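For reference, the structure is listed below as structure tokens.
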Amino acid sequence: MTTTKAYAAQTDHSPLTPWTVERRDPKPHDVQIEILFCGVCHSDLHFARNEWGMTVFPVVPGHEIVGRVTAVGAHVKKFKAGDLAAIGCLVDSCRECDNCKEGLEQYCAQGGVFTYGGMERDGSGPTYGGYSKMILAHEDFVLRISDKLDLAATAPLLCAGITTYSPLRHWKIGPGMKVGILGLGGLGHMGVKFAVSMGAEVTMLSHSPSKEKDAQRLGAHKFVLTSDEAQAKSVTGYFDFILDTVSAQHDYNFYLGMLKTNGTMVCVGVPPAPTPVHSMSLIFGRKSLGGSLIGGLPETQEMLDYCAEHNIVSDIELIRMDEINEAYERMLKGDVRYRFVIDMSSL
Ligand code: NAP
Ligand code: ZN
Ligand code: ZN
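Under the numbering used here, the first residue of the sequence shown carries the number 16, and numbering increases by one thereafter.
Here it is as structure tokens:
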């Protein structure tokens, strides 16, 4: 066992404070990583405050992890000490079920092991995430990253990146399609970058007037202020596809009205409480409402390689570890341009 410094929430109403995590010694297939940067996802906040009612405390959040390999087990082939490496939202899965065999480990029939708040498959204890100095995982769940991209700005690709890339690929977004990205935060800004790079016409759907310029800078072709009745009405029946990244309560029916016939809206944002959907919102126009969870390991690697090829990273604000509680408050106010990343040298 090795102890490593971390930040944890001890209860659903306590701030994150310094804590010590015990990590196992590397097993034959393990890759051990010194964490250099870790992105701050809104899911970290939902989890630290137990907004989904499933948190086991203490919790060490963080699943946008990049760093340098410090040690590898005897059987590891993909990595050696000194390599750059990354870990996203998953650290293990059964590898035997149909979903795992297809590279959809996030939908593992036995339940994938999440990077934090999960339970190790050997029962050895809970998993603790990337708000820490060191982590290890089986090499199958460790990803390669390019040294051409800014390392800190690469971290958010591990969740915000794959969570938006995966549904855009699955629903075959490309030239000729009108795509709305709902919510300009960590996920939303990556959604805009990816959808634009895939050749779609992209509209930013935001409730923040102050974000219009940024949406343009990120490549969005149009901006619709959703709280402005006339602007919202102008996109009635307009989109082939909407990617909903909003973290707070909102009315799905309102946005389903913006889809054209046969259009699809996919939720990736997870508001704390369920939202009613009227069947009429779907029946008129043969519309679909779907969802998507992060992405599997092969697709996450594909996304990282795509980003290296297309020079895509996240727009970040680098923070110190002891600024995390303030960052959470700012994230709740929508005051993040567009992802906080923790510089782990500050821990
Ligand atoms: P974020 O950076 O905080 O962005 C959320 C955005 O939602 C805000 O920037 C804001 O955009 C919009 N928003 C916030 N409050 C709103 C309100 N009251 N009404 C309307 N819009 C509001 O969060 P994130 O890290 O991108 O995460 C977004 C959501 O996705 C979270 O619920 C997170 O847990 C979830 N998530 C899901 C997956 C998955 O696999 N499905 C993976 C990662 C995260 P505007 O200011 O532009 O309106
Ligand atoms: Zn996340
Ligand atoms: Zn499985």
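A virtual CB, placed ideally from N, CA and C, is assigned to each residue, including glycine.
In this text the structure is predicted, and so the values were computed from the model without any measurement.
Taken through DSSP and simplified to helix, strand or coil, M336 comes out as helix.
One Cα belongs to A152, the other to G77, and the distance between them is close to 14 Å. Exclusion of V207 from the 8 Å shell around ligand 1 follows from its C-beta lying no nearer than that to any non-hydrogen atom of the ligand. Judged by the Cβ position, A124 qualifies as a neighbour of ligand 3 at the 8 Å threshold, a heavy atom of the ligand being closer than this. Between the C-alpha atoms of V55 and P190 there is a straight-line separation of about 32 Å.
If you check the C-beta of H204 against ligand 2, you find no heavy atom less than 8 Å away. Between the alpha carbons of L119 and P30 lies a gap of roughly 34 Å.
For the region 154–179, the continuous alpha helix (DSSP H) assignments of 4+ residues that do not extend past its boundaries occur at 166–169, in sequence order. Put simply, the region 98–113 does not touch the region 323–339. Fewer than three CB pairs are less than 8 Å apart. Close CB contacts of V74 within its chain, under the 7 Å cut and outside five residues either way in sequence, are with A23, A24, F62, A63, Y131 and G132 (chain order). Relative to ligand 3, the beta carbon of R110 is positioned inside 8 Å of a heavy atom. In this structure, DSSP gives V46 an extended state, which the three-state scheme calls strand.
A direct Cα-to-Cα measurement between R159 and M273 gives close to 39 Å. Within 8 Å of the C-beta of C104 there is at least one heavy atom belonging to ligand 2. For V250, the number of other beta carbons within 10 angstroms of its own is at least 16, and it is reported as buried.
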